[in-house]
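Under the working numbering, think of the first position of the sequence shown as 47, with each following residue one higher. A virtual CB, placed ideally from N, CA and C, is assigned to each residue, including glycine. Here's the structure, in structure tokens; my notes come after.
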Amino acid sequence: MSGFLFVVPPLVGHINPTVGVAAELAARGHRVAWASADPGLVRRLAGGEAVVFPCAGPVLTGEDGVRPAELRGPEALKFLWEKFLVPLAEAMAPGVRAAIGEFGPDVVVADQQAFAGGLVAERLRVPWATSSTTSAEFTFADALAGMPKVADWLDTLLHDLRGRIGDPSGTADPRFSPHLVLAFSTPELVGPGAGAGAGDRIRWVGPSMATRPTSADFPWTWLDPARATVLVTLGTANTDVGARFLAECRDALRRRADRVQAVIVDPANVLGANGDLDDLNDMGEKDDKDVLIRSSVPQLPLLERVDAVVCHAGHNTVCEALWHGVPLVVAPIRDDQPVVAGQVVDAGAGIRVRFGRVTAPKLGAAIDAVLHEPGYRTAAERIRATFRAAGGARAAATHLEELAAGATPSKEAP
């Protein structure tokens, strides 16, 4: 029996993929614990019995939280690193050290944006693996070769951070463990050559899909099997900027009500029409039989019944859709989303539209295409096959077991 400590930021999209891995390790008899700045969030996603060591740091709302919505491009990158990632690492470091001392893990599993995990583990001479919950980091790291000023700026940030919380003599990039990098995607989506800068330590395990606790009560009888179903979601991070886009989606889908019905996720109620159960009739149906607007949905079960997804190109949403062989219309907003959107388009599994400018007619045309042009679904099903063959949580758990045993993790899917 080995011990595994998962060090995660307080971000839903970074915790969810590791939940299945932790559950698989626990099912195999291993000790599992977490270190996070938001223990309540971890327990909500991983289960109330999860062992969580608290760390200092911001408790964010959604996946992103405090960043000004208008930031884009280089300004957004600068804010992300200087105002969130580096301060989060410094705040979490004492809690991570305490967790390692008390729990005694054989391996630390550090999220790619929880730098304290890798730096503190390196300082304490504990083997550590990287949990890469978005494949965009590989593309970005490779692209730095063509952006020497940006690369030097990041190197300086990480060097100074290492001096404050890590081993000053260490050399590992805290985003890429020298022992093992678990990538929750496959090369067939990410693209050829992605991650070359990280060497042969990457193990492409595909999405980690696990049953999640959910309080979303969904009116399944509302779904009309005679019509295609489209799911529209912007994740949990983008409620501050989503009103116009969601309204355009609603208008585009209403115009296709004779052949399409839509489920729109609107957690901030920016459309002013979230449907509560009190609004449903005796058959569990809402009076509006064309567009159902909900503050939350049980996304994984719902994806088994939808024909297309319109989303922000968040990595988890994209991977969950493609896990089910569902084509996408992607409208990236910021961060890794443009990179992930590019991966979807390059793989042939979807169409990209401009989040800030797209109109209902253009959205409708894109939705029509992914619903009715067979190439998009064929490509989505091809990615689906690679995802399922990669092994997911089971493969990730086996690689971590190998690392705990002192062996080089196998390159083959277990």
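Alpha helix (DSSP H) segment containing residue i, residue limits
| i | result |
| --- | --- |
| threonine 232 | Counting along the chain, threonine 232 falls outside any alpha helix (DSSP H), and DSSP gives it neither H nor E. |
| proline 100 | Premise fails: proline 100 lies in the beta strand (DSSP E), 98 to 100, not in any alpha helix (DSSP H). |
| glycine 438 | 438 to 450 |
| threonine 202 | 194 to 211 |
| aspartate 392 | 383 to 392 |
| glycine 164 | 161 to 169 |
Nearest-angstrom Cβ-Cβ length linking residue i and residue j, presumed shorter than 8 Å
| i | j | result |
| --- | --- | --- |
| valine 278 | leucine 292 | 7 Å |
| proline 177 | serine 231 | Checking the sequence, you will find serine at residue 177 rather than proline. Actually they are not in contact, since the Cβ atoms of serine 177 and serine 231 sit about 12 Å apart, beyond 8 Å. |
| aspartate 442 | alanine 395 | Just to set this straight, residue 442 is alanine in the shown sequence, not aspartate. With 8 Å as the limit, alanine 442 and alanine 395 do not qualify as a contact, their Cβ atoms being about 23 Å apart. |
| valine 309 | isoleucine 379 | Actually they are not in contact, since the Cβ atoms of valine 309 and isoleucine 379 sit about 20 Å apart, beyond 8 Å. |
| valine 54 | alanine 160 | 6 Å |
| leucine 317 | arginine 290 | That belief does not hold up - the Cβ atoms of leucine 317 and arginine 290 are roughly 11 Å apart, past 8 Å. |
| leucine 51 | alanine 79 | 5 Å |
| valine 276 | valine 390 | Contact doesn't hold; Cβ gap of about 16 Å is too wide. |
| alanine 303 | aspartate 336 | 4 Å |
| valine 154 | alanine 144 | With 8 Å as the limit, valine 154 and alanine 144 do not qualify as a contact, their Cβ atoms being about 13 Å apart. |
| alanine 81 | valine 142 | 5 Å |
| valine 416 | isoleucine 397 | 6 Å |
| tryptophan 250 | proline 233 | 6 Å |
Check whether residue i and residue j have beta carbons under 9 Å apart
| i | j | result |
| --- | --- | --- |
| valine 364 | leucine 374 | yes |
| alanine 83 | proline 63 | no |
| alanine 298 | proline 407 | yes |
| aspartate 213 | alanine 450 | no |
| glutamate 447 | histidine 60 | no |
| leucine 228 | histidine 445 | yes |
| alanine 218 | glycine 164 | yes |
| isoleucine 248 | phenylalanine 149 | no |
| glycine 103 | proline 133 | yes |
| arginine 273 | glutamine 307 | yes |
| alanine 175 | leucine 131 | no |
| alanine 354 | valine 372 | yes |
| alanine 411 | glutamate 70 | no |
| glutamate 366 | leucine 338 | no |
| arginine 210 | glutamine 158 | no |
| leucine 203 | glutamate 128 | yes |
| serine 223 | alanine 156 | yes |
| arginine 423 | tryptophan 369 | no |
| isoleucine 146 | leucine 170 | yes |
Collapsed DSSP secondary structure at residue i in the structure displayed
| i | result |
| --- | --- |
| glutamine 307 | strand |
| valine 142 | helix |
| valine 132 | helix |
| glycine 147 | helix |
| arginine 89 | helix |
| phenylalanine 222 | coil |
| arginine 247 | helix |
| isoleucine 413 | helix |
| isoleucine 61 | helix |
| glycine 396 | strand |
| leucine 292 | helix |
| aspartate 297 | helix |
| leucine 280 | coil |
| alanine 274 | strand |
| threonine 405 | coil |
| threonine 217 | coil |
| threonine 454 | coil |
| alanine 256 | coil |
| alanine 175 | strand |
| glutamate 109 | Residue placement at glutamate 109 is flagged as unreliable, the pLDDT there being 43, under the threshold of 50; a coordinate-derived value is accordingly withheld. |
| glycine 66 | helix |
Host beta strand (DSSP E) of residue i (start-end)
| i | result |
| --- | --- |
| isoleucine 339 | 337 to 340 |
| tryptophan 80 | 77 to 82 |
| tryptophan 369 | Element bounds for tryptophan 369: not the beta strand (DSSP E) but the alpha helix (DSSP H), 361 to 369. |
| phenylalanine 52 | 49 to 53 |
| valine 343 | First-last for valine 343: undefined, no H or E at that position. |
| aspartate 152 | Looking at the DSSP string, aspartate 152 is not in any beta strand (DSSP E), and its letter there is neither H nor E. |
| valine 356 | 354 to 357 |
| serine 181 | Premise fails: serine 181 is in no beta strand (DSSP E) and is neither H nor E. |
| valine 375 | 374 to 376 |
Check: residue i C-beta below 8 Å from any heavy atom of the ligand MG
| i | result |
| --- | --- |
| asparagine 362 | This structure simply doesn't include the ligand MG, nor any ligand for that matter. |
Closer than 9 Å to chain D by CB, residue i
| i | result |
| --- | --- |
| arginine 434 | In summary, chain D is missing from the structure at hand, where a single protein chain is found. |
- Is the number of C-beta pairs between the stretch 384 to 399 and the stretch 353 to 371 that are closer than 8 Å three or more? yes
- Query: If you pair each beta-carbon of the stretch 85 to 94 with each one of the stretch 53 to 69, do three or more pairs fall below 8 Å?
  - Reply: yes
- Check whether the stretch 345 to 352 touches the stretch 401 to 417, counting contact only when three or more Cβ pairs, one atom from each stretch, lie closer than 8 Å. no
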